[in-house]
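Going left to right, the sequence shown walks through residues 8 to 546 as the working numbering numbers them.
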Amino acid sequence: MDGSQILTTVLFLAVVAVTIGITFWASRQTKTAADYYAGGRGFSGFQNGLAIGGDYMSAASFLGISGAIALSGYDGFLYSIGFLVAWLVALLLVAEVLRNSGRYTMADQLAYRMKQRPVRLAAATSTVVVSIFYLLAQMVGAGALVALLLGVEDQLVKNIVILFVGALMIFYVTVGGMKGTTWVQIVKAVLLMTGSALIVILVLAQFGFNLSELLGSAADASGKGDAFLQPGLKYGLSFTSELDFVSLGLALVLGTAGLPHILIRFYTVPTSADARKSVLWAIALIGVFYLFTLVLGFGAAALVDPTTLDKAGNLAAPLLAQEVGGGEGSIGGAVLLALIAAVAFATILAVVAGLTLTSSVSVAHDIYNSVIKRGKATEKEEMKVSRWAAAGIGLVAILLAIPAQSLNIAFLVALAFAVAASANLPAIIYNMFWARFNTRGAVWSIYGGLISCVGLVFFSPVVSGKVDPATGDSLSLFPAGIDFSWFPLENPGIISIPLGFFLGWLGTVTSKEPETAERYVELEVRALTGAGSEKAITH
């Protein structure tokens, strides 16, 4: 092991040690279900905004989007735009009313005026599926990152890294709960913004702080000329690819408002004003960060040898850090590579902890307590089940991440957004704004959006049939030679999102369930004022 690898290992261990220390500290503060699920609702708007940013600025953003821009230019930057614009939807439609009308999970808000068991089961199922898609992206990023730093190509080492990350995330959730996870995310957000800002300054310094010169150099180095800076390099090759882009855009813009690990964060603040403040701080933080990805991505295209990039582009940002630090073999390059890799690793740890907590809380609170125990489980029982659920979900994510390592992690996250927008968002919007909406409508919209989205992905080029025309290597989940893809788009949002809304409407109008106008009025008052949101939501 050379000096740079020793430095990297030390920084990695330092990040892990800090996060473990935070988790143990938080475990001593976690005594009730409200502490475990919602951090005792004691975080300020600024703190929660940092934590939301930490949750949202995942390895997909830092590694995947930078890589997508480095490989596809303008079309890669569309990911950044989509992720940022999505926050306007979350702010205007969801943040405050969800905080006011729920208790711990998305299902609390949905089940308030409906039959508890079918709605909670559907919402919990969707939560777990979205979380696992998102977890895949983070773990794939972890494997690629550590393999780069240790200078190994051995698949076994990458698999061991994925196993290690999975074990750590289970530890964070089972020991620290929401309080520990939130503080890990706050620390990670500060580290990520500081590290990214440093690399951005160093990249811009190489071009005299002239953005036009940076873009021109990136276009020249890419070998694609002006086309690199124009729309269409990735999504304008055919009508199908243009349709794929529209589908991707829909998923990105609408998906954030349905992401369960983002929605659960609104319950950690004491008031609706703090919920609004959280989103405003998060937008500011995330907006600056996605501007950073523009420089990181085009900087990687201009400065990093394209032959050193992996085919998914996930290593563009760390390799760029090494380059601006002095290049491979230099002390500065080794230090910056180690720093950025440690930051990226902290990013991965924080996000996987948030995702695992969200899905395990939903299993315990919505399935175990409300469906199996019919609301009679004690807080102690719920928290115990949540911890076991975290272990189970972590294991599933590990087993699925190992074969998914050939896929771009920004793309994997886009699939999670598509599921969230298809299954969760229609039910949330209808429930908040349509008095007639009922149990059948909620169940049909959630399951319909979920099954159609996951089903179309399974029969798409993401899973089988996509190969690199130059090398013949598989760019899908399955190896080359296996092709059962009949759905031509890589992102199913353009079909599954409208279908989720349609099924929500159809289920409602065909149901003979009596209208719950009184419950809707109560929910509306609660959503606008927050009155009663602390109480158990059962009926």
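Quick reminder that beta carbons are idealized off the backbone N, C-alpha and C, glycines included.
field: Sequence-distant residues of the same chain with beta carbon closer than 7 Å to Met121, five excluded per side
entry: Asn445, Thr446, Ala449
- request: Name the residue from Ile208, Gly230, Ala408 whose alpha carbon lies nearest to the alpha carbon of Tyr141.
  value: Ala408 is the residue among Ile208, Gly230, Ala408 whose C-alpha sits nearest the C-alpha of Tyr141.
field: Contact under 8 Å by Cβ, Ile88 with Gly304
entry: no
query: Can Val358 and Ser393 be called in contact, C-beta distance under 8 Å?
result: no
field: Euclidean distance between Cα positions of Pro410 and Val180
entry: 25 Å
- prompt: How about Tyr297 and Phe424: do their beta carbons lie closer than 8 Å?
  reply: no
query: Near Leu78, what residues of its chain come up, given a Cβ to Cβ distance below 6 Å and the 5 sequence neighbours on each side ignored?
result: Gly320
field: Sequence-distant residues of the same chain with beta carbon closer than 7 Å to Lys542, five excluded per side
entry: Caution applies to Lys542, whose pLDDT of 49 falls short of 50 and renders its modelled position unreliable; the model cannot decide the point.
- prompt: Would Ile501 pass as a contact of Leu301 if the rule is Cβ separation under 8 Å?
  reply: no
Straight-line gap, Phe252 to Pro476 (C-alpha atoms, nearest Å): Going by the C-alpha atoms only, they are around 21 Å apart.
Close Cβ partners of Ala434 (< 7 Å) along its chain, the five nearest in sequence each way excluded: Leu117, Ala449, Ser452, Ile453, Gly511
field: Burial state of Asn217 (16 or more Cβ within 10 Å)
entry: exposed
field: Segments of 4+ residues assigned as alpha helix (DSSP H) that fall wholly inside the stretch 42-126
entry: For the stretch 42-126, the full-length alpha helix (DSSP H) segments reaching 4 residues or more read 52-63, 73-79, 81-96, 102-108, 113-118 along the chain.
Phe465, enclosing alpha helix (DSSP H) - first and last residue: 446-465
query: Helix, strand or coil for Ile544 per DSSP?
result: Unreliable positioning characterises Ile544 in this predicted model, as indicated by a pLDDT of 42, which lies under 50. A coordinate reading is not provided.
task: Starting from Ser229, trace the alpha helix (DSSP H) both ways and give me its first and last residue.
output: 218-229
message: Rounded to whole angstroms, what is the Cα-Cα separation between Phe440 and Leu128?
response: 22 Å
task: Grab the span of the alpha helix (DSSP H) containing Ser279 for me, first residue to last.
output: 279-310
- prompt: Can you tell me whether DSSP reads Val469 as helix, strand or coil?
  reply: coil
query: Who does Val474 pair with in a DSSP beta bridge?
result: Ser481
- prompt: Can you tell which of Leu346, Thr247, Ser518 has the C-alpha that lies nearest to the C-alpha of Pro468?
  reply: With distances taken between Cα atoms, Pro468 lies closest to Thr247.
task: Please classify Gly334: does DSSP put it in a helix, a strand, or coil?
output: coil
- prompt: Between the C-alpha atoms of Gly148 and Phe466, what's the straight-line distance to the nearest angstrom?
  reply: 24 Å
- request: Would you identify the three-state DSSP class for Trp441, choosing helix, strand or coil?
  value: coil
query: Excluding five sequence neighbours on each side, which residues of the same chain lie with their C-beta closer than 6 Å to the C-beta of Val311?
result: Leu326, Leu327, Glu330
field: Backbone secondary structure at Thr385 - three-state DSSP
entry: coil
message: Quick check: Gln365 and Thr134, are their CB atoms within less than 8 Å of each other?
response: Here residue 365 turns out to be Thr, not Gln, going by the sequence shown. A contact, by the Cβ cut-off of 8 Å.
- prompt: Between the beta-carbon of Val286 and the beta-carbon of Trp94, is there less than 8 Å?
  reply: yes
message: Excluding the 5 residues flanking Glu249 on each side, which residues of the same chain have their C-beta closer than 7 Å to its C-beta?
response: Tyr242, Gly243
message: Please tell me whether Ile355 and Gln145 are closer than 8 Å, where the distance is taken between their beta carbons.
response: yes
Own chain residues within Cβ distance below 6 Å of Phe508, not counting five before or after: Hits under 6 Å: Pro433.
query: Using the C-alpha atoms, what's the distance from Lys284 back to Thr132?
result: One C-alpha to the other measures close to 30 Å.
query: What's the C-alpha gap between Gly184 and Phe31?
result: 10 Å
query: Taking 7 Å as the cut-off, is the CB of Arg443 close to at least one heavy atom of the ligand NAD?
result: Absent from the structure shown: the ligand NAD. Ligands present: none.
Close-in-space but distant-in-sequence residues of the same chain around Ile347 (CB under 6 Å, 5 per side omitted): Gly202, Pro325, Ala328
query: Just curious, the alpha helix (DSSP H) that Asn321 is in, first and last residue?
result: That residue, Asn321, is in no alpha helix (DSSP H); it is neither H nor E in DSSP.
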